Each structure stands twice: as C-alpha cells, then as structure tokens.
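J.: I have a structure I would like to understand better, so I am pasting it below and will then ask my questions one at a time.
Protein chains: 2
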Amino acid sequence: MKIQVKENNYTIDIVYKCEEKIKNFLNKNRDSKYLVITDENVYNLYSERLKNIMYGLNFYIFKFPAGEKSKSMENYININKFLLENNFNRGDIIIAFGGGVVGDISGFVAATYLRGIDFIAMPTTLLSMIDSSVGGKNGINFMNLKNQIGSFYFPKYVYIDYSFLETLDDRNINNGLAEIFKYSVLKDKNLFYYLKSCNKLDYKKIIYESLNIKLDFVKEDERDKGKRQKLNLGHTIGHGIESLSNYKLNHGESIGIGTIYMARAAYKMGIAKSDFSKELILAFKNHNLPTSYDFDTDEILEILKHDKKINKNLINVILPIKIGEVINKKVTFDELREIVELGKGNE
Amino acid sequence: MKIQVKENNYTIDIVYKCEEKIKNFLNKNRDSKYLVITDENVYNLYSERLKNIMYGLNFYIFKFPAGEKSKSMENYININKFLLENNFNRGDIIIAFGGGVVGDISGFVAATYLRGIDFIAMPTTLLSMIDSSVGGKNGINFMNLKNQIGSFYFPKYVYIDYSFLETLDDRNINNGLAEIFKYSVLKDKNLFYYLKSCNKLDYKKIIYESLNIKLDFVKEDERDKGKRQKLNLGHTIGHGIESLSNYKLNHGESIGIGTIYMARAAYKMGIAKSDFSKELILAFKNHNLPTSYDFDTDEILEILKHDKKINKNLINVILPIKIGEVINKKVTFDELREIVELGKGNE
Numbered sequence: 094m095k096i097q098v099k100e101n102n103y104t105i106d107i108v109y110k111c112e113e114k115i116k117n118f119l120n121k122n123r124d125s126k127y128l129v130i131t132d133e134n135v136y137n138l139y140s141e142r143l144k145n146i147m148y149g150l151n152f153y154i155f156k157f158p159a160g161e162k163s164k165s166m167e168n169y170i171n172i173n174k175f176l177l178e179n180n181f182n183r184g185d186i187i188i189a190f191g192g193g194v195v196g197d198i199s200g201f202v203a204a205t206y207l208r209g210i211d212f213i214a215m216p217t218t219l220l221s222m223i224d225s226s227v228g229g230k231n232g233i234n235f236m237n238l239k240n241q242i243g244s245f246y247f248p249k250y251v252y253i254d255y256s257f258l259e260t261l262d263d264r265n266i267n268n269g270l271a272e273i274f275k276y277s278v279l280k281d282k283n284l285f286y287y288l289k290s291c292n293k294l295d296y297k298k299i300i301y302e303s304l305n306i307k308l309d310f311v312k313e314d315e316r317d318k319g320k321r322q323k324l325n326l327g328h329t330i331g332h333g334i335e336s337l338s339n340y341k342l343n344h345g346e347s348i349g350i351g352t353i354y355m356a357r358a359a360y361k362m363g364i365a366k367s368d369f370s371k372e373l374i375l376a377f378k379n380h381n382l383p384t385s386y387d388f389d390t391d392e393i394l395e396i397l398k399h400d401k402k403i404n405k406n407l408i409n410v411i412l413p414i415k416i417g418e419v420i421n422k423k424v425t426f427d428e429l430r431e432i433v434e435l436g437k438g439n440e
Numbered sequence: 094m095k096i097q098v099k100e101n102n103y104t105i106d107i108v109y110k111c112e113e114k115i116k117n118f119l120n121k122n123r124d125s126k127y128l129v130i131t132d133e134n135v136y137n138l139y140s141e142r143l144k145n146i147m148y149g150l151n152f153y154i155f156k157f158p159a160g161e162k163s164k165s166m167e168n169y170i171n172i173n174k175f176l177l178e179n180n181f182n183r184g185d186i187i188i189a190f191g192g193g194v195v196g197d198i199s200g201f202v203a204a205t206y207l208r209g210i211d212f213i214a215m216p217t218t219l220l221s222m223i224d225s226s227v228g229g230k231n232g233i234n235f236m237n238l239k240n241q242i243g244s245f246y247f248p249k250y251v252y253i254d255y256s257f258l259e260t261l262d263d264r265n266i267n268n269g270l271a272e273i274f275k276y277s278v279l280k281d282k283n284l285f286y287y288l289k290s291c292n293k294l295d296y297k298k299i300i301y302e303s304l305n306i307k308l309d310f311v312k313e314d315e316r317d318k319g320k321r322q323k324l325n326l327g328h329t330i331g332h333g334i335e336s337l338s339n340y341k342l343n344h345g346e347s348i349g350i351g352t353i354y355m356a357r358a359a360y361k362m363g364i365a366k367s368d369f370s371k372e373l374i375l376a377f378k379n380h381n382l383p384t385s386y387d388f389d390t391d392e393i394l395e396i397l398k399h400d401k402k403i404n405k406n407l408i409n410v411i412l413p414i415k416i417g418e419v420i421n422k423k424v425t426f427d428e429l430r431e432i433v434e435l436g437k438g439n440e
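Protein sequence lines correspond, in order, to chains A and G. The first sequence begins at 94 in my numbering and counts up one residue at a time. The second sequence begins at 94 in my numbering and counts up one residue at a time.
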C-alpha cells in the first residue's frame, strides 16, 4: 500500500516485510553516505534486518539508550558531532530507525545539520507509524519540557513495515491504538466502531486510515496554526497527565484519558448532545486502555502553562461534539480550569 | 523605501531614522511579549533609541559579548533557557538588533523555540543590512565550523535604518561593501561602476539595489539547491581565507579576495574572455579593501572539505564570466585545487 504526499513530495510505503521497497529507494542514492540513528532496543532486535537493508551501501550507525531521556540537547549535540567527524555533507542522508524518540531527534538533526539534509523514516512502533513519522514535526525535550525545541521538516521517504510490530508488547501497541481512537473521534465514526468491536487488529487497514486522516489535517496547515491543531484532541490534558504520572503512563494512554475527559466536558458544557465518553470508556476497556487518572487541577494547570499551543494567554482546546467531529476553542486559563474540572467527573 | 517580499510574506523598510515605521509594526502586536536579542556594543551605543522604539511594550533584553564567539551552541541554549524561564509562548516575538552574529543566532532561536516563533530583524551593520537580514538563512557555529547548524526561516519584518551605520568604522563599512561588490559582479555592471568610481556612498541606493539582487536569487530557490548558490561567489575560497587568517580578515574582506581569485581563475581557464580581476583590484583599492592573501593551497583545501556546498564529493564553485554574469560549476577536489592555484597568480 502506498500513500503519495504531494504537498511535501514524499512517499509512504505500508508493507509487510517487503524490504525491496526501501532497498530500491536507498540504492537510488548509492553515492550518498547514510547515518542510521536508532536506539539500543531496536538495534538489538533488528540489527540483522538492518544490515540486510543497508547491504552494499556506505553507512554508519549511531545508537543510544531507548527512552524519552535520549531526546535531549546533549544527544542532539552528540549526533551533530558524529556527523561532522565523519564528514557528512549535504548529499548524505539520515535514516531514523525506531519509535517516536528516534524519529523526533533524528528529524531535528536532519532539519538543522548544515541547515538541512535529507532523511528517511523507518518507524518501528505503532504510535510512530501512525503519527510522528509523518507530518513533519520534530524536536527534543529541554528543561523537562517536551518538544520545547524543534522544527517542521519533512522526510523524503517513509517505510512503514508493520512486521516490526511483532516484537512490541501489548502496552506499546496500545500506545498507538489510543492515538488511532483519537483519529476516529476526530473524523471517522466507522473506524471508531471497527476499533471498538474488533479484537484482532488489521494493521494495514488502521495504519492506512490513520495516516489519511492525519495527512488531511496537516496538508492545509503544515505549521499548525489552524485546522491541524485539531489533531491535538486529548493532548492538552494528556500531556499534563503524562508528565504528572512521571511517564508511568505512556503517551497514548495519557491522551486517551485526555480524550475521554474532553468528551465528558463537552457534554457537560452543552457542546456535545450526548455523553459519548461512556462509549469511549467501553471501547477503551475492551483494549485494556486506562480510562481515568487522579490528579490535582492546580498541578496540571501549572504544567499546561508551558503548552506550545498557548498564544497570547489563550490556549486551544479541542472538544468533540460527536464521534467523528470536533471543534477548536480558544479559552483563558480560568476557562481551562473549569473544563478540566468538568472533564474529571465520575465514570 | 519599501520592499515587499511576496514569496515569504514580509516587508523590508529602508529608512533614515524613521522609527515610527517599526513602532507601528510592533504596536500591531501589543499583546505579545518581545525579546530583543543584541550584543553589548550595539546595546551600549543604542540603548536609548531601543528604549524609545520599545516604549509601552512588554519587552525583555538578552545581550551577549559582541563577536563571532557568541554564535555558539552555549549561547543558543542560554537564549532558549531565558525564553522558557520568562514563559515566552508562540504568540511572542523575537527582535534581532545587531549585526550578522545577532541576526544568525536570533533567527535560529526563533526558528526552533517551540518549533518556531515570529521574529523581526533590525540590522545595524552594512553587511547584515544587505545580506544576512534577508534570505532566511540562520545558524550557529559548531566545532569551529561556521553555520554548521542552522535552518531556513524568514522574518516577519525587516527594519533597515541606515542611520545605525554612522557609528561603524571604515573597516566595518567595507565588510559590507565587499559583498555589494560581489552583488555587482553577479548581476549589475552599472552598480559595479558606481561603486568603483564613487567615494561618498549613497546607502539608500546601494542597500536597495543589493537587496533586490539578493531577493531575485533567493526567490526561486529558497533552500539553496540551484540559482541561489550563485550568491556564494567568492565564498568558497573566502571562507577558507577568513578561517586561515584566524578572522583577522573579516567576512567581506575575505570574500572580496575570493571574488578576485575566482575572476583570475576564470580568465586563465578560458571561461572569462578578459582578465577583469585587474579591474576589481583597482576598484577595491579605491575603497581600501585588501586584494590578496598568502596561503598554502593544501591548508585551504583542508578547510574546504567541510564546505556546506559539497554534495557527493563535488563542490560548487561560482565563476564570473564578465562583470554582471557568473556560472555555477561542480568540480572535484582535484579540480578545485587547480582553480585555487590559478586564482592565486600575480597581481
């Protein structure tokens, strides 16, 4: 399966173990040097497959410990040093081989080394396959804030091979699944009912449908100033929950809870006609996704003060009005406090 | 005088002490916080004018020692910390008030803080007025290499007030003048003869004409992959000379010498019909610009190995074929060695 992203001139291949696709792409640039950026977990699992993909090419590997801590300024500097010391120039290419952390830091390095060199995304987690590997956002964490520094920069090619999902545990799959639920609430009622009732997921289908929804929101608003912001459904509270839990809840779990809270608040505010948060909770429970998290409203608001979506003291919140449709609302911090309180409610 | 840059949606005002222009622009965003980034020299000279311009607005000042050393990763990190600690968000704005160093690092911070916030350029040197303040390139130095890390990102407004030139010494003026000579060799014979014969420069005229030439080369090739590269006339050898001189020669002086060497080489290679390097030398001497620099070819080639314009072991050199026209030639390192040798020659 193939998606052509015309606006930003790249191709996404969605395949099951079809390495010829990426080998063909890489072999078009046989004169280039490649830097594969990856983490130790992914490397330990897939070094043989990686070597097969890179066979015959001039390539280097840069790996770091798996996990959010590696998305740091220090690591960003180290990768830049490595590129420089190995004389990488503008014709050379970065491959991001891993999940969101690898993709985000690799994309930021690619965007800024020599003011930008090409990069290729080879995501290995469900979350990165359906979210961060497309859309052009990249970044690193800074002073404990997520993606505080970063840019918008698009890959030249995205190779999504869902055979890589076979080594992921359930919680990691769910990390992506919650974002797919979010896409369904955003725009696709049928996808929601498919996810709700289904037990054995058809990855090809859900990856393809998720990417099409994401790309539709991105294409008219690459720089995230309008329509694209709707992709942040569940993320305002979600980021706060993720942070308050000290990352014991993962990204998907947190924004899933955020989505439920927004649905509940939307109903109580009279924006949504029915309280479909109940339906979300049932669907989430079917996939062992958490559906609530206890927190202090003041504590979460303190974290949300640094939200990137704040503009002139107003913050954007995305409220679902039914399954398949959301609205974008700019609110003050006092209004946000009320929305958070309404969202908490009882199950 | 006003230039409207349609492609990237910003305005350049070229004025003499007409601060109402910038005040009007800033007052359209009265709700924003401003960070003025500047160096200590500029601040000491112009703190009163700055305070007048910023009067009534919510602004902060971040200043650092003048000079190339401040274009560092460390300084980049410090500015990001300052923004974060003062809760700057996406609706807030950076103002770069100074020369090229201030503009380059400020632009890179603006491009990457929260994945990009708005910035305004207020250049104070002739070089930054006619070159780095427009065109979108920014960056910091890294491991002794210039602009090794950076991006492409455009300002929202450029305020060029050439009254700021009144505190510049002759060498600093010449730093810009050499780049204006370069523009004339690139595209405008009349500008060349004006510069050559003129003793009292009409700043408004030369700034306006230089920017129009630069913008013409940038607009079809923002990302520097084709036509825009011609703006690098004199820069390949020039960057090497600047570095070999340990920055005792400034940027303009170095690329001026580079332009002379390229003209001489082009003639000896049969690409240029006449040896107009002699005419360049006469013109440069009229403005007390240096016209040669002794260096070892191997030493300069070692530096040029890190040139950002290298792509797959080929390097771009720009060779003038007459005053007002240049060609772009991709050469190997061995060919570059020959060109450098031909360029050296005798005066």
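Beta carbons are placed, not taken as given, at the ideal position from N, Cα and C, and that holds for glycine. These figures come from a predicted structure and were not determined experimentally.
Would K405(A) count as contacting chain G if we go by Cβ distances under 7 angstroms?
T.: As a working note, residue 405(A) is residue 312 in the first sequence. So yes, K405(A) belongs to the interface.
J.: Comparing C-alpha positions only, which one of E112(A), N173(A), G191(A) and Y153(A) sits nearest to N137(A)?
T.: To locate residue 137(A), count along the first sequence from 1; it is residue 44. Comparing Cα positions, the closest option is G191(A).
J.: Is there at least one Cβ from chain G nearer than 7 angstroms to K249(A)'s Cβ?
T.: The count along the first sequence starts at 1 and reaches residue 249(A) at position 156. It does not: the Cβ of K249(A) has no partner Cβ on chain G nearer than 7 angstroms.
J.: Counting only beta-carbon atoms, is I253(G) nearer than 7 angstroms to chain A?
T.: Against the second sequence, residue 253(G) aligns to sequence position 160. Chain A contact via Cβ: absent.
J.: How is T131(A) classed by DSSP in three states: helix, strand or coil?
T.: Taking the first sequence and counting its residues from 1, one reaches residue 131(A) at position 38. Strand.
J.: Does N421(A) come out as helix, strand or coil in the three-state DSSP assignment?
T.: Taking the first residue of the first sequence as 1, we reach residue 421(A) at position 328. Looking at N421(A) - three-state DSSP - the assignment turns out to be strand.
J.: What is the rounded straight-line gap between the Cα of S303(A) and the Cα of L435(G)?
T.: To locate residue 303(A), count along the first sequence from 1; it is residue 210. To locate residue 435(G), count along the second sequence from 1; it is residue 342. Spanning the two alpha carbons is a distance of roughly 59 angstroms.
J.: Since L150(A) contacts R183(A) with CB under 8 angstroms, what's their CB separation in whole angstroms?
T.: Position 57 of the first sequence, counted from the start, is the residue given in the question as residue 150(A). Position 90 of the first sequence, counted from the start, is the residue given in the question as residue 183(A). Not confirmed; about 18 angstroms, so no contact.
J.: Within the 7 angstroms Cβ cut-off, does L242(G) reach chain A?
T.: Taking the first residue of the second sequence as 1, we reach residue 242(G) at position 149. What sits at residue 242(G) in the sequence shown is Ile, not Leu. With 7 angstroms as the cut-off, I242(G) counts as an interface residue toward chain A.
J.: Hey, out of L324(G), K297(G) and K293(G), whose CA is closest to L308(G)'s CA?
T.: As a working mapping, residue 308(G) is identified with position 215 in the second sequence. Of L324(G), K297(G) and K293(G), the residue nearest in Cα terms is L324(G).
J.: If contacts are defined as beta-carbon pairs under 8 angstroms, then I411(A) and F369(A) qualify, I think. What distance do you get, rounded to the angstrom?
T.: What you label residue 411(A) is simply residue 318 of the first sequence in a count that begins at 1. What you label residue 369(A) is simply residue 276 of the first sequence in a count that begins at 1. The pair is not a contact, with the Cβ atoms about 15 angstroms apart (cut-off 8 angstroms).
J.: Output, in sequence order along the chain, the residues in the region 156-175 of chain G whose CB is closer than 7 angstroms to any CB in chain A.
T.: M166, I170, N173 and K174
J.: Rounded to whole angstroms, how far is the Cβ of Y109(G) from the Cβ of D254(G), which I believe are closer than 8 angstroms?
T.: For the purposes of this step, residue 109(G) is taken as the residue at position 16 of the second sequence. For the purposes of this step, residue 254(G) is taken as the residue at position 161 of the second sequence. That belief holds up - the Cβ atoms of Y109(G) and D254(G) are roughly 7 angstroms apart, short of 8 angstroms.
J.: Pop quiz: Y287(A) and L342(A) are said to be a contact at Cβ under 8 angstroms. What is the actual Cβ separation, rounded to whole angstroms?
T.: The residue labelled residue 287(A) in the question sits at position 194 within the first sequence. The residue labelled residue 342(A) in the question sits at position 249 within the first sequence. With 8 angstroms as the limit, Y287(A) and L342(A) do not qualify as a contact, their Cβ atoms being about 25 angstroms apart.
J.: If the cut-off is 8 angstroms on Cβ atoms, which residues from the region 313-327 of chain A count as contacting chain G, listed in chain order?
T.: R316 and D317
J.: Taking buried to mean at least 16 other C-beta atoms within 10 Å of its own C-beta, is D295(A) buried or exposed?
T.: Your numbering for residue 295(A) matches position 202 in the first sequence. Counting Cβ neighbours within 10 Å, D295(A) comes out exposed, since fewer than 16 surround it.
J.: Counting only Cβ pairs nearer than 7 angstroms, list the residues of chain G close to A204(A).
T.: Position 111 of the first sequence, counted from the first residue, corresponds to residue 204(A). By Cβ distance, chain G contributes S244.
J.: Pull the bridge partners of P413(A) from the DSSP assignment, please.
T.: Translated into the one-based positions of the first sequence, residue 413(A) becomes position 320. DSSP, once it has assigned bridges, lists V419(A) as partnering P413(A).
J.: Mind listing the chain A neighbours of M236(G)? Cutoff is C-beta to C-beta under 8 angstroms, in chain order.
T.: Position 143 of the second sequence, counted from the first residue, corresponds to residue 236(G). Going along chain A in sequence order, the residues near M236(G) (Cβ under 8 angstroms) are K174 and L177.
J.: Count the other C-beta atoms from every protein chain shown that fall within 10 angstroms of the C-beta of E259(A), then say buried if there are 16 or more, exposed otherwise.
T.: Looking up residue 259(A) in the first sequence gives position 166. Counting Cβ neighbours within 10 Å, E259(A) comes out exposed, since fewer than 16 surround it.
J.: Identify the contact partners of K361(A) in chain G, using a Cβ-Cβ distance below 7 angstroms as the criterion.
T.: Counted from its first residue, the first sequence places residue 361(A) at position 268. Neighbours of K361(A) on chain G: none; closest Cβ ~28 angstroms, over 7 angstroms.
J.: Any idea if I420(A) is buried or exposed, counting beta-carbon neighbours within 10 angstroms, 16 or more meaning buried?
T.: The residue given as residue 420(A) occupies position 327 in the first sequence. By the neighbour-count rule (16 or more Cβ atoms within 10 Å), I420(A) is not buried but exposed.
J.: Residues in its own chain within less than 8 angstroms of Y169(G) by CB, not counting five upstream and five downstream?
T.: Along the second sequence, one-based indexing puts residue 169(G) at 76. So the qualifying residues of the chain are I198, F201, V202 and I233.
J.: Mind pulling the chain A residues with CB within less than 8 angstroms of K144(G)?
T.: The sequence position of residue 144(G) within the second sequence is 51, counting from 1. Within chain A, no residue comes near K144(G); the closest Cβ sits about 23 angstroms away, beyond 8 angstroms.
J.: Looking at F245(G) and G229(G), is the spacing between their C-beta atoms short of 7 angstroms?
T.: The count along the second sequence starts at 1 and reaches residue 229(G) at position 136. The count along the second sequence starts at 1 and reaches residue 245(G) at position 152. Closer than 7 angstroms, so yes.
J.: Against chain A, with Cβ distances strictly below 7 angstroms, would N182(G) count as a contact?
T.: The residue you call residue 182(G) lines up with position 89 of the second sequence. At a cut-off of 7 angstroms between beta-carbon atoms, N182(G) makes contact with chain A.
J.: Between K437(G) and chain A, is the shortest Cβ-Cβ distance under 7 angstroms, so that the two count as touching?
T.: As a first step, residue 437(G) is located in the second sequence; it is residue number 344 there, counting from the start. Closer than 7 angstroms: no.
J.: Would R208(A) count as contacting chain G if we go by Cβ distances under 7 angstroms?
T.: Taking the first residue of the first sequence as 1, we reach residue 208(A) at position 115. Yes - at least one Cβ of chain G is within 7 angstroms of the one on R208(A).
J.: Can you tell me whether Y153(G) is helix, strand or coil according to DSSP?
T.: For the purposes of this step, residue 153(G) is identified with residue 60 of the second sequence, where counting begins at 1. Y153(G) falls in the strand class under three-state DSSP.
J.: List the residues of chain A whose Cβ lies closer than 8 angstroms to the Cβ of D211(G), in chain order.
T.: As a working mapping, residue 211(G) is identified with position 118 in the second sequence. Those within 8 angstroms of D211(G) in chain A number zero; the least Cβ separation is about 11 angstroms.
J.: So what does Q241(G) bridge to, in DSSP terms?
T.: Counting from 1 along the second sequence, the entry for residue 241(G) is found at position 148. In the DSSP output, where bridge partners are listed per residue, Q241(G) has none listed.
J.: Alpha carbon to alpha carbon, what distance is there between Y139(G) and K371(G)?
T.: On the second sequence, residue 371(G) is found 278 positions in, with the first residue counted as 1. On the second sequence, residue 139(G) is found 46 positions in, with the first residue counted as 1. If you take the alpha carbons of K371(G) and Y139(G), they lie about 41 angstroms apart.
J.: Counting Cβ pairs closer than 8 angstroms, one from the region 156-167 of chain A and one from the region 104-123 of chain A, do we hit at least three?
T.: no
J.: Taking buried to mean at least 16 other C-beta atoms within 10 Å of its own C-beta, is F426(A) buried or exposed?
T.: Numbered from 1 along the first sequence, position 333 holds the residue referred to as residue 426(A). Exposed, because fewer than 16 other Cβ atoms sit within 10 Å of the Cβ of F426(A).
J.: Mind listing the chain G neighbours of S125(A)? Cutoff is C-beta to C-beta under 7 angstroms, in chain order.
T.: Here the question's residue 125(A) lines up with position 32 in the first sequence. Per Cβ cutoff of 7 angstroms: K405.
J.: Considering only C-alpha positions, which residue in the set F175(G), S226(G), L284(G) and I210(G) is nearest to M236(A)?
T.: To locate residue 236(A), count along the first sequence from 1; it is residue 143. Considering only alpha carbons, the answer is F175(G).
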